[in-house]
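Here's the structure we're looking at; comments come further down.
Protein chains in written order, with my numbering: chain A, 0 to 233; chain B, 5 to 398.
Dropping the structure here:
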């Protein structure tokens, strides 16, 4: 039985149709996602919930074009990206998508400013000066201007996640994907991060998809998508 | 991008200091090796100045030095008579084109050296040999100025000498050399041969001079020009016939081409030794770099995944990793460059600055080339890493 897309809009930012993801290792097939049909509108803030191992991160990877589905189609901004070559895909990811990870994924050998600049390094036509200005703007937006020259090892968990958010938004992407962004933080820091994400959604009209285990955080978003055992649960 | 790479490598300098040291040592060794090779090959382009082919040396060991004051006059006369007989006997052989008497050095043998003075100029360690008028014919020498000496020149108190271009430049510079009297009136220049590299092809046209042998002097060697194709049977016959005349002397024959081969082997020995050491170091560097990159690829999967997730195509990941290794190489060779650049500035070891600069360029290029080669396999694997898979690595 096929699920129907959960929302219908002629301005969909993301459309997943009949997505299936199967991992094959040592002749063992693991179905990570099956029959996923999701539509997410522009400027929507959607949470994805479900128990561990239900395929939340895999779903996020599909939306983030970090992984390819075994079957089905992914449309981002009405563009089908299935057959795109690595370079075009990377360019599209760079322009359209921003990622926030639970474990921050900062480069410890680079200071905050350089970490935030990272996505702009892979964008053509931006001078070093402009990169710096945009990175400083993003750092200011997350309230870390005084820490621009610090290294990640000198920051608290909450500050690291703010750096990760600054890095995700520096290129002004239309979609932000957050994989348990508060998972490694205490509740105070977690709510600070959530405030930033809500601001980005409200003020910058950024489409946000957030994977979380925390129902209270999920309830503050526009919509919750539940997954169980790789399948959507209505 | 480049700034970011250098910043990362500088931050990681402690963890890669062994590699930095290896890069530095390798650079210095490659610089030394390149300098020696370019210097040696550059010398090879300078004409030898003589023809070693079909020239034999007949070493006459009378067991008594010609300078030995204990010699009796009778002994000297006997030795001269024997020498004349030997020259006649050798000259009568059908394979022999010319015979010259010689004392001290022969080509490819530079044991005997002397300091020469002219005015306030001194030329140190000049090689020399004493010979007669047939030497140019035996060695096929070309006169640049003046003429070869003969016994008619021995009328003055100065001993006639012929010098090579190297000695002319060292003592007289741009001045003419002919008839100049040097060494406090001991020698007088009768001619100049432009090139005569007594120590062989791979040396410079270092100063050398030929002294006219005194008529009463007993030669140490006879230099014999033979017709082409004369080989072992000729050598055997030569020793047999001369030993029959000078029964008390020990006579041995050799070919200049054999001495040449031996000298070339000795000249290239440092090149071979440094090459072997460099090869070991280079292999070590290659393995070290590959190991470092394998480590990087395996321990930086999440970083590689992150870079891909923020928009780095596979080609940029490859460039990033190669760039990091090149940055590492740059950090390693900078101290080497600082040292190497002193050599042309100081004109060390009398080597032209151009050779040093060429050696610096070669050593730098080789290091960068090797680094790039060693990174190809690990970076290709790194570029294939899937971002989703890599982001789950911690």
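Even glycine gets a Cβ: it sits at the ideal position worked out from N, Cα and C.
Among B:115, B:236, B:92, nearest to residue 104 (chain B) - alpha-carbon criterion: B:92
task: Tell me whether residue 155 (chain A) is buried or exposed, calling it buried when 16 or more other Cβ atoms sit within 10 Å of its Cβ.
output: exposed
- prompt: Can you find a CB in chain B that lies within less than 7 Å of the CB of residue 108 (chain A)?
  reply: yes
task: Kindly say whether residue 43 (chain B), judged by its beta-carbon, lies nearer than 7 Å to any beta-carbon of chain A.
output: With 7 Å as the cut-off, residue 43 (chain B) does not count as an interface residue toward chain A.
- prompt: Checking contacts by CB at 7 Å: is residue 329 (chain B) closer than that to chain A?
  reply: no
query: Between which two residues does the alpha helix (DSSP H) harbouring residue 365 (chain B) extend?
result: 357-387
Reduced DSSP category for residue 177 (chain A) - H, G, I as helix; E, B as strand; rest coil: Here residue 177 (chain A) carries a strand assignment [DSSP, helix/strand/coil].
- request: Decide if residue 283 (chain B) is buried, meaning its Cβ has at least 16 other Cβ atoms within 10 Å, or exposed.
  value: exposed
task: Could you tell me if residue 123 (chain A) is buried or exposed, where buried requires 16 or more neighbouring beta carbons within 10 angstroms of its beta carbon?
output: exposed
message: Looking at chain B, is there any beta carbon in it that lies within less than 7 Å of the beta carbon of residue 93 (chain A)?
response: yes
- prompt: Going by alpha carbons, who is nearest to residue 168 (chain A) out of A:150, A:72, A:149, A:116?
  reply: A:116
message: For a contact defined as C-beta to C-beta under 9 Å, what are the partners of residue 63 (chain A) on chain B?
response: Under a criterion of Cβ atoms nearer than 9 Å, the residues of chain B adjacent to residue 63 (chain A) are, in order, 313, 391, 392.
task: Just tell me which of A:106, A:17, A:35 has its CA closest to the CA of residue 227 (chain A).
output: The alpha carbon of residue 227 (chain A) has as its nearest neighbour, out of A:106, A:17, A:35, the alpha carbon of A:35.
- request: May I ask which residues mark the beginning and end of the alpha helix (DSSP H) holding residue 472 (chain B)?
  value: With chain B covering only 5 through 398, there is no way to say anything about residue 472 (chain B).
query: Which residue from B:218, B:287, B:326, B:57 puts its Cα closest to that of residue 160 (chain B)?
result: B:218
- request: Flag residue 2 (chain A) as yes if its beta-carbon sits less than 7 Å from any beta-carbon of chain B, otherwise no.
  value: Note that residue 2 (chain A) scores a pLDDT of 45, beneath 50, so its modelled location is shaky; the value from the coordinates is reported in the next line. No, its Cβ sits nowhere closer than 7 Å to a Cβ of chain B.
task: Could you tell me whether the Cβ of residue 133 (chain A) comes closer than 7 Å to any Cβ of chain B?
output: Not one chain B Cβ lies under 7 Å of residue 133 (chain A).
query: Taking Cβ to Cβ, would you say residue 99 (chain A) is nearer than 7 Å to residue 164 (chain A)?
result: yes
- prompt: In chain A, which residues lie with their C-beta within 9 Å of the C-beta of residue 297 (chain B)?
  reply: Within chain A, no residue comes near residue 297 (chain B); the closest Cβ sits about 16 Å away, beyond 9 Å.
- request: Give a yes or no on whether 7 Å exceeds the smallest Cβ distance from residue 325 (chain B) to chain A.
  value: no
- request: Report yes or no: do three or more beta-carbon pairs, one from the stretch 96-113 of chain A and one from the stretch 179-193 of chain A, lie closer than 8 Å?
  value: These segments touch.
query: Under three-state DSSP, which class holds residue 394 (chain B)?
result: helix
- prompt: Near residue 107 (chain A), what residues of its chain come up, given a Cβ to Cβ distance below 8 Å and the 5 sequence neighbours on each side ignored?
  reply: Annotation for residue 107 (chain A): 150, 151, 152 place their beta carbon closer than 8 Å to its own, counting only its chain and skipping 5 residues before and after.
field: Identity of the residue in A:194, A:11, A:199, A:176 nearest residue 77 (chain A) by Cα
entry: A:11
Straight-line Cα distance separating residue 203 (chain A) from residue 311 (chain B): 24 Å
- request: With a threshold of 16 other CB atoms inside 10 Å of the CB of residue 314 (chain B), please say whether the residue is buried or exposed.
  value: buried
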